[in-house]
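What follows is one structure encoded as structure tokens, with my remarks underneath.
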């Protein structure tokens, strides 16, 4: 009987102790610096946070490069859609992957050439 009382007292002490050390939550929202994007409270502000404008270098993209970027997005979406099927067509996915690699290569070449041109201007 005494062993049960001591054991019950220890369980109660551990339970109350764990409640005392538990971190209290906020008001139902993420804490500062937390959340899915880890940018703190910026995601809820009007500014959109420090990464709202991804074009931080203010690069003027030609329309053909913008079209290629859009084609790359579409190709990635098609590839993901194909691979998410119950029975995916692997050959079609491979062709889409090669197409995406080609588009990505063209965009990378343009970025490199525009960087070289910007070095010449300095």
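Numbering (this note's numbering), first residue to last: 20 to 141. Glycine residues also receive a C-beta, built at the ideal position from the N, C-alpha and C atoms.
**Report entry** residue 115, buried or exposed, once every other Cβ within 10 Å from all chains shown has been counted against 16
**Finding:** buried
**Report entry** Residues near residue 118 by beta carbon distance below 7 Å, same chain, minus five either side
**Finding:** 94
Query raised in the report: Which class does residue 36 belong to by DSSP, given the choice of helix, strand or coil?
Result: helix
Report task. Quick one: using the 10 Å Cβ neighbour count with 16 as the cut-off for buried, is residue 135 buried or exposed? Result -> exposed
**Report entry** Local Cβ density within 10 Å of residue 98, reported as buried at 16 or more and exposed below that
**Finding:** buried
**Report entry** Cα-Cα separation between residue 32 and residue 21, rounded to whole angstroms
**Finding:** 16 Å
Requested in this report: Starting from residue 122, follow the alpha helix (DSSP H) in both directions and report where the run begins and ends.
Outcome: 109 to 140
Query raised in the report: Between residue 100 and residue 80, what straight-line distance do the alpha-carbon atoms span, to the nearest angstrom?
Result: 28 Å
**Report entry** Element boundaries [alpha helix (DSSP H), containing residue 88]
**Finding:** 82 to 102
Query raised in the report: Would residue 122 be called buried (16 or more neighbouring beta carbons within 10 Å of its own) or exposed?
Result: buried
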